[in-house]
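Here's the structure, in structure tokens; my notes come after.
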Amino acid sequence: MTYTTFNQEQFNATKEPMFFGHHVNVSRYDVQKYAVFEKLIEKQLSFFWRPEEVDLSTDRRDFAALPDHEKHIFLSNLKYQTLLDSVQGRSPNVALLPIVSLPELETWIETWAFSETIHSRSYTHIIRNIVNEPSVIFDDIVTNEAITKRARDITRYYDALIEGVSLYHRLGEGQHTINGETVNVSLRDLKRKLYLTIVSVNVLEAIRFYVSFACSFAFAERSTMEGNAKIIKLIARDEALHLNGTQHMLHLMADGKDDPEMAEVARELKDQARQIFIDAAEQEKDWADYLFRDGSMIGLNRDILGQYVEYITNQRMVSAGFEPAFATKQNPLPWMNSWLNSDNVQVAPQEVEVSSYLVGQIDNEVQSEDFSNFSL
Amino acid sequence: MAHIIKILEGFSFIPRKEQTVLEALEHQQVEIDFQCREGFCGSCQATLIDGEVSYTTEPIAFIPEGKILTCCCKPESDLVIELAFGCKVKSS
């Protein structure tokens, strides 16, 4: 079962499951099992942006004028975002590429992870702009307990899958003794690990990121740190796409047409998967305690952010096919919609990218009735 | 022909022909979540109880059975829809 970078077997890629089938050989996109992944790739490519496009010159001044407790909120939020994108910039590649079996899905995973590296570059761009010594901020990410506590839950499903897959590739299924320890490698168990990983990635992108976006936009809602908010808007547009990628995967898995065993796994793990959502929501609320430990800011405090956590968790649980967990039914931050709206990510189209403007998208199908309104 | 949109536990109205369902709801000051407005984020879902819609662009977001993505569809018949968190009208 060793991984091979160019599988020379002859097989029909459109008959393969998403994961744990044959290793992909030819990266071809003329025939696709799931066209949606190809569409996600196209969309993501059309979104391409660079952090340097966004002018941050007023943010430095804005940041210096913030009171200390708001500096703490802003920087902690940024550190958390940096952590999340550090994980997402590499983990989908390391964990999923060795087991993926569809060319379009393989390329989606690579495109997805690549866009996360742009996000990471943005944080450096932002941090370099507002402080003189970026190391102080970056170094704290691995030592700050409030951050590392959450990092554990974010990464443990990925890590378990990566370890399991490497044993599977090296040793195959069965019982093995490694360094005196007995390990059982089974495909069924790996599928369980994969399912939980995809759930936790969906939680990461669809809940954790959105909670951090709320904090970023709360500053801009008061007309401060607006350059930062512009970058976060671009990041939010990408994340909206990514979270749909994992939602599609979860639904395809649960449906069973892709891989019947995966559907059994999804049924078995339903409660555990649901608990991942609930635990993440609780962690995000704890995080809100840490953010606002020295005081709230106008428009956002611990309680409101906590309500938003519950609201967005409910939404995402329903979208991923689970029963909602919380009673909250109303969006406590109605202004989030207009900040998240990706149609107006930029004001001057000649200066930057407009998401709805796709290069090379020409409609060649022109019928005579298209001219019916014309008269000479 | 004009179609009627009925919001369950809310009210009925006749949308303008050129509007998507999302735009029509916003025109009526109904509170509804949205993000991308072009069919890839899935935020603006509603449950379609009765009726038919057509999509102006093919949505990328996953749409569960019985749901519609309001940002990129238009009514093809009279519609009965249900909003996830009830029909709330903006107070302003």
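Protein chains in written order, with my numbering: chain P, 643 to 1018; chain G, 33 to 124.
Ideal placement from N, C-alpha and C gives every residue a C-beta, glycine not left out.
**Prompt:** Could you give the residue range of the beta strand (DSSP E) that holds I849 (chain P)?
**Reply:** Counting from 1 along the first sequence, the entry for residue 849 (chain P) is found at position 207. That residue, I849 (chain P), is in no beta strand (DSSP E); it is neither H nor E in DSSP.
**Message:** Contact criterion: CB-CB distance below 8 Å. Does S808 (chain P) meet it with respect to chain G?
**Reply:** One-based indexing of the first sequence puts residue 808 (chain P) at position 166. No, its Cβ sits nowhere closer than 8 Å to a Cβ of chain G.
**Own chain partners of F661 (chain P) with C-beta closer than 7 Å, once the 5 adjacent residues on each side are dropped** = Position 19 of the first sequence, counting from 1, holds the residue named residue 661 (chain P). Excluding residues within five positions, the ones whose Cβ falls inside 7 Å are I741, V742, S743 and L836.
**Request:** Please decide whether Q61 (chain G) counts as near chain P, where near means a Cβ-Cβ distance under 8 Å.
**Result:** Position 29 of the second sequence holds residue 61 (chain G). Chain P contact via Cβ: absent.
**Asked** Within 8 Å (strictly less), CB to CB, does A78 (chain G) reach chain P?
**Response** Start at 1 with the first residue of the second sequence, and residue 78 (chain G) comes out as number 46. Cβ-Cβ to chain P under 8 Å: no for A78 (chain G).
**Contacting positions in the segment 842-854 of chain P - beta carbon closer than 9 Å to chain G** = Residues of the segment 842-854 of chain P whose Cβ lies closer than 9 Å to any Cβ of chain G: none.
**Request:** Starting from the C-beta of L894 (chain P), find all residues in its chain whose C-beta is less than 6 Å away, skip the five residues before and the five after it, and write them out in chain order.
**Result:** Within the first sequence, the letter at position 252 stands for residue 894 (chain P). Correct list, in chain order: D900.
**Asked** Using 8 Å as the limit for Cβ to Cβ distance, is L101 (chain G) near chain P?
**Response** Walking along the second sequence from the start, residue 101 (chain G) turns up at place 69. Answer no: the Cβ-Cβ gap between L101 (chain G) and chain P never drops below 8 Å.
**Item:** Cut-off 7 Å between Cβ atoms - residues of its own chain near A793 (chain P), not counting five sequence neighbours on either side
**Value:** Residue numbering aside, residue 793 (chain P) sits at position 151 when the first sequence is read from its first letter. If you ignore the 5 residues before and after A793 (chain P), its C-beta comes within less than 7 Å of the C-beta of L725, all in its own chain and listed in chain order.
**Item:** CB of L838 (chain P) within 8 Å of CB of L911 (chain P), strictly
**Value:** Reading the first sequence from its first residue, position 196 is the one you call residue 838 (chain P). Reading the first sequence from its first residue, position 269 is the one you call residue 911 (chain P). With a cutoff of 8 Å on beta-carbon distance, L838 (chain P) and L911 (chain P) are scored as near each other.
**Request:** Under 7 Å Cβ to Cβ from S86 (chain G), same chain only, skipping five residues before and after it: list those, please.
**Result:** On the second sequence, position 54 is the one that residue 86 (chain G) refers to. Closer than 7 Å at Cβ, skipping near neighbours: C105, K106 and E108.
**Asked** Which value, in whole angstroms, describes the spacing of the CA atoms of N844 (chain P) and T888 (chain P)?
**Response** On the first sequence, position 202 is the one that residue 844 (chain P) refers to. On the first sequence, position 246 is the one that residue 888 (chain P) refers to. Distance between the alpha carbons of N844 (chain P) and T888 (chain P): 6 Å.
**Request:** Tell me whether the beta-carbon of R944 (chain P) lies closer than 8 Å to the beta-carbon of I849 (chain P).
**Result:** Your numbering for residue 944 (chain P) matches position 302 in the first sequence. Your numbering for residue 849 (chain P) matches position 207 in the first sequence. No, the Cβ-Cβ distance between R944 (chain P) and I849 (chain P) is not below 8 Å.
**Asked** If contact means a Cβ-Cβ distance below 8 Å, which residues of the segment 914-932 of chain P contact chain G?
**Response** none
**Prompt:** At what residue ranges does the segment 687-759 of chain P contain a whole run of the beta strand (DSSP E), taking only runs of 3 or more?
**Reply:** If only uninterrupted beta strand (DSSP E) runs of at least 3 residues are considered, none is enclosed by the segment 687-759 of chain P.
**Asked** Looking at the C-beta of F117 (chain G), does it have a partner C-beta in chain P at a distance below 8 Å?
**Response** Looking up residue 117 (chain G) in the second sequence gives position 85. So yes, F117 (chain G) belongs to the interface.
**Asked** For G83 (chain G) versus L57 (chain G), is the C-beta spacing smaller than 8 Å?
**Response** Here residue 83 (chain G) refers to the residue found at position 51 when the second sequence is read from its first residue. Here residue 57 (chain G) refers to the residue found at position 25 when the second sequence is read from its first residue. No, they are not a contact pair.
**Request:** Tell me where the beta strand (DSSP E) around Y87 (chain G) begins and ends.
**Result:** In the second sequence, the residue the question calls residue 87 (chain G) occupies position 55. Boundaries of the beta strand (DSSP E) harbouring Y87 (chain G): V85 to Y87, taken from the DSSP string.
**Message:** Run through chain G and tell me which residues come within less than 7 Å of N983 (chain P), C-beta to C-beta.
**Reply:** Here residue 983 (chain P) is taken as the residue at index 341 of the first sequence, counted from 1. Going along chain G in sequence order, the residues near N983 (chain P) (Cβ under 7 Å) are F66, Q67 and R69.
**chain G contact for S961 (chain P) (CB, 8 Å cutoff)** = The residue labelled residue 961 (chain P) in the question sits at position 319 within the first sequence. Yes, contact with chain G.
**Message:** Looking at chain G, is there any beta carbon in it that lies within less than 8 Å of the beta carbon of H608 (chain P)?
**Reply:** Since the first and last residues shown for chain P are 643 and 1018, residue 608 (chain P) lies out of range.
**Asked** Going straight from the alpha carbon of N983 (chain P) to that of F66 (chain G), what length do you get?
**Response** As a position in the first sequence, residue 983 (chain P) is number 341, starting the count at 1. As a position in the second sequence, residue 66 (chain G) is number 34, starting the count at 1. When rounded, the distance between both Cα atoms is 7 Å.
**Request:** Might you give, ordered along the chain, the residues of its own chain that have their beta carbon closer than 7 Å to the beta carbon of K685 (chain P), omitting 5 neighbours on each side?
**Result:** Here residue 685 (chain P) corresponds to residue number 43 of the first sequence, with the count starting at 1. Around K685 (chain P): L883.
**Asked** From what residue to what residue does the alpha helix (DSSP H) around G887 (chain P) run?
**Response** Mapped onto the first sequence, residue 887 (chain P) falls at position 245. Segment E868 to D897, the alpha helix (DSSP H) holding G887 (chain P).
**Asked** Excluding five sequence neighbours on each side, which residues of the same chain lie with their C-beta closer than 7 Å to the C-beta of R864 (chain P)?
**Response** Translated into the one-based positions of the first sequence, residue 864 (chain P) becomes position 222. Here the set comprises I940 and G941.
**Asked** Where DSSP assigns a beta bridge to E823 (chain P), which residues make up the other side?
**Response** Numbered from its first residue, the first sequence carries residue 823 (chain P) at position 181. Partner(s): P:I820.
**Prompt:** For the segment 822-837 of chain P, which residues have a beta carbon sitting closer than 7 Å to at least one beta carbon of chain G?
**Reply:** Cβ contacts with chain G come from no residue of the segment 822-837 of chain P.
**Prompt:** Are L892 (chain P) and G816 (chain P) close, meaning C-beta to C-beta below 8 Å?
**Reply:** Residue mapping note: residue 892 (chain P) aligns to position 250 of the first sequence, counting from 1. Residue mapping note: residue 816 (chain P) aligns to position 174 of the first sequence, counting from 1. Their beta carbons are not under 8 Å apart, which means L892 (chain P) does not touch G816 (chain P) by this criterion.
**Request:** Mind listing the chain G neighbours of V678 (chain P)? Cutoff is C-beta to C-beta under 7 Å, in chain order.
**Result:** Numbered from its first residue, the first sequence carries residue 678 (chain P) at position 36. Per Cβ cutoff of 7 Å: I92.
**Prompt:** Closest to H711 (chain P) by CA distance: which of P:N649, P:D880, P:G663 and P:D936 is it?
**Reply:** Residue numbering aside, residue 711 (chain P) sits at position 69 when the first sequence is read from its first letter. Comparing Cα positions, the closest option is P:D936.
**Asked** Count the other CB atoms within 10 Å of the CB of A856 (chain P); is the residue buried (16 or more) or exposed (fewer)?
**Response** As a working mapping, residue 856 (chain P) is identified with position 214 in the first sequence. Label assigned to A856 (chain P): buried.
**Message:** Using 8 Å as the threshold, is the C-beta distance between R834 (chain P) and V907 (chain P) below it?
**Reply:** By one-based count along the first sequence, residue 834 (chain P) stands at place 192. By one-based count along the first sequence, residue 907 (chain P) stands at place 265. Cβ atoms of R834 (chain P) and V907 (chain P): closer than 8 Å.
**Nearest residue (CA-CA) to E881 (chain P), options P:L682, P:V668, P:V666 and P:Y676** = As a working mapping, residue 881 (chain P) is identified with position 239 in the first sequence. Ranking the options by Cα distance to E881 (chain P), first place goes to P:L682.
**Request:** Assess, as a yes-or-no matter, whether the segment 776-785 of chain P is touched by the segment 823-831 of chain P under the definition of 3 or more beta carbon pairs within less than 8 Å.
**Result:** no
**Prompt:** Thinking C-alpha only, which one of P:T955, P:A930 and P:D931 is nearest I920 (chain P)?
**Reply:** Position 278 of the first sequence, counted from the start, is the residue given in the question as residue 920 (chain P). Nearest of P:T955, P:A930 and P:D931 to I920 (chain P), Cα basis: P:T955.
**Request:** From the DSSP output, read off the bridge partner residues of P107 (chain G).
**Result:** By one-based count along the second sequence, residue 107 (chain G) stands at place 75. For P107 (chain G), which the question treats as bridged, DSSP gives the partners G:V85.
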